[in-house]
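Positions in the sequence shown are counted from 1; adding 70 to them yields the numbering used here.
All C-beta atoms in this analysis are idealised placements derived from N, C-alpha and C, irrespective of residue type, glycine included.
Small disclaimer: the values here were computed from a predicted structure and weren't measured.
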Amino acid sequence: MIQVQVRWWAVVRDRALYVLFVVGLCGLTACQEEGAPEKSDVPPTAFGGAEAGNDRARAAVEAFNHWAPLVTSGDLEGARALCDSWLAEPDRGHHAEAHKCLANVTIGSSRTEVTGLPEGIGGSLPSLITSKGVDRALEHYNRALAIKPLGMDAHVGRVDLLIVGARYRDANVALEEALRTFASRDLLDNWFKLLGRFRRAGATDEALAFLRVIEQHHPLDHRVISNIGAFLAITGQNEEAFEYSTRAMAINPDDPINKWNLAKIHEQRDELVDADRLYQEALATIDENDVRARCEYASFLAQRMKDANRACTFAETECTELFETNCIVNEIESETEVAP
């Protein structure tokens, strides 16, 4: 028979927090378990001024591009030496880059050990950075932004720092400042990529507050609306979640994530035919190599639709990551007849 034991996941794929993929990118180099290090927005000619082609300028740029690996490898003193050297540059623009670097060095030296983390969503995740470490790193980000207010990566790094430090209200204030500075919808992915932080902390209410700040600036962006709907569903606010997810679909009916999120809510409402239709439509446009989505759909077919035949066509070996399944054709229990 088919045996399915689901492990419930609240997941994030850039902007979708609903049974898809955990991809939260990290704006801090101290968090390399998930993301990429901050990149410098200093052009290759910046350090050398009029003589940018000289060896010293090239060496400075190369050194900057190497500080992140130093931090992640644990060579914090080596990284700090590089950062401090940029503070000696005459151009204050270099100082902004130095402070971003020093913020990340501070984060790397202020990590706390966290044990006994809850599986999936729920519980409370302690701060990954000491309170003093957050204060010192925040000071560096503030200095960088005072020198260069349009430094997008510093804005993202500061918000990310405050989220990781569990200073959610301060994170929303910093987010508001960034949204006033950068009004383009094209930059919203920078904020969606931070939603995984809230998921891992079980901080769904705080995630909703974070998204509400974005909603004030972009009330018609279907990605914002879809994300709010997903978090509302996770917190059990199903009627409002349905309203938001339906709105997202109305704005962009072709988006597979909108379809998937609305399908999940239909499933929660026991509207299984509608859920099945939307799941299939979403899967038709999601990369066929995205195993997690296929496995989630297999779970839906087995548990809710009682269709073991179809479930086993999706329940590949990789699905054991999400649920335990044993598809043995001769012993499948299903409401549909099994071919010999």
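Limits of the unbroken alpha helix (DSSP H) element including residue i
i: glutamine 286; result: 274–287
i: cysteine 153; result: 146–157
i: phenylalanine 417; result: Outside the shown range of the chain, which is 71 to 410, sits residue 417, and nothing can be said about it.
i: cysteine 365; result: 361–373
i: glycine 22; result: Look at the range of the chain in this structure, 71 to 410, and you will see that residue 22 is not part of it.
i: alanine 311; result: 308–321
i: arginine 347; result: 342–355
i: lysine 329; result: 326–338
i: cysteine 382; result: 378–384
Nonlocal neighbours in the same chain, by C-beta distance under 6 Å from residue i, ignoring five residues either side
i: serine 315; result: Gly299, Asn331, Leu332, Ile335
i: alanine 224; result: Lys170, Tyr211, Ala214, Leu215
i: leucine 140; result: Gly148, Ala149
i: valine 294; result: Ile284, Glu285, His288
i: leucine 168; result: The sequence as given places alanine at residue 168; leucine does not occur at that position. Result list for alanine 168: Cys153, Trp156, Leu157, in chain order.
Cβ-Cβ separation, residue j to residue i (assumed contact under 8 Å), whole Å
i: methionine 319; j: leucine 342; result: The Cβ separation is near 18 Å, so there is no contact.
i: arginine 356; j: alanine 345; result: The amino acid occupying residue 356 in the given sequence is isoleucine; arginine does not appear at that position. Not quite, the Cβ-Cβ distance comes to about 16 Å (not below 8 Å), so this is no contact.
DSSP three-state assignment for residue i, whether helix, strand or coil
i: arginine 206; result: helix
i: isoleucine 199; result: strand
i: arginine 181; result: strand
i: glycine 235; result: coil
i: lysine 263; result: coil
i: glycine 221; result: coil
i: aspartate 230; result: helix
i: arginine 162; result: helix
i: leucine 258; result: coil
i: aspartate 240; result: helix
i: lysine 170; result: helix
Nearest neighbour of residue i, chosen from the options [CA to CA]
i: arginine 150; options: Thr176, Ala248, Ala158; result: Thr176
i: phenylalanine 412; options: Gly221, Ser254, Glu313, Asp230; result: This structure does not reach residue 412, given that the chain is present from 71 up to 410, and the question cannot be answered.
i: glutamine 350; options: Ala224, Leu245, Phe280, Arg380; result: Arg380
i: proline 326; options: Asp360, Glu310, Ala216, Asn260; result: Asp360
i: alanine 241; options: Leu258, Phe252, Ile217, Leu208; result: Leu208
i: valine 204; options: Ile217, Leu172, Pro219, Lys218; result: Leu172
i: arginine 347; options: Val294, Gln286, Lys329, Asn308; result: Lys329
i: serine 366; options: Asp377, Cys389, Ile356, Ala378; result: Checking the sequence shown, residue 366 turns out to be glutamate, not serine. When only C-alpha atoms are compared, the closest one is Cys389.
i: isoleucine 321; options: Thr251, Leu290, Phe312, Arg339; result: Leu290
i: alanine 236; options: Phe370, Glu247, Phe280, Arg162; result: Phe280
i: leucine 220; options: Leu249, Ala277, Asp377; result: Leu249
i: histidine 292; options: Glu276, Arg239, Phe262; result: Phe262
i: alanine 166; options: Lys218, Ser143, Ala273, Leu198; result: Lys218
i: leucine 264; options: Ala354, Phe252, Tyr238; result: Tyr238
Sequence-distant residues of the same chain with beta carbon closer than 8 Å to residue i, five excluded per side
i: lysine 202; result: Ser180
i: arginine 339; result: Asn308, Phe312
i: phenylalanine 384; result: Arg364, Cys365, Tyr367, Ala368, Leu371
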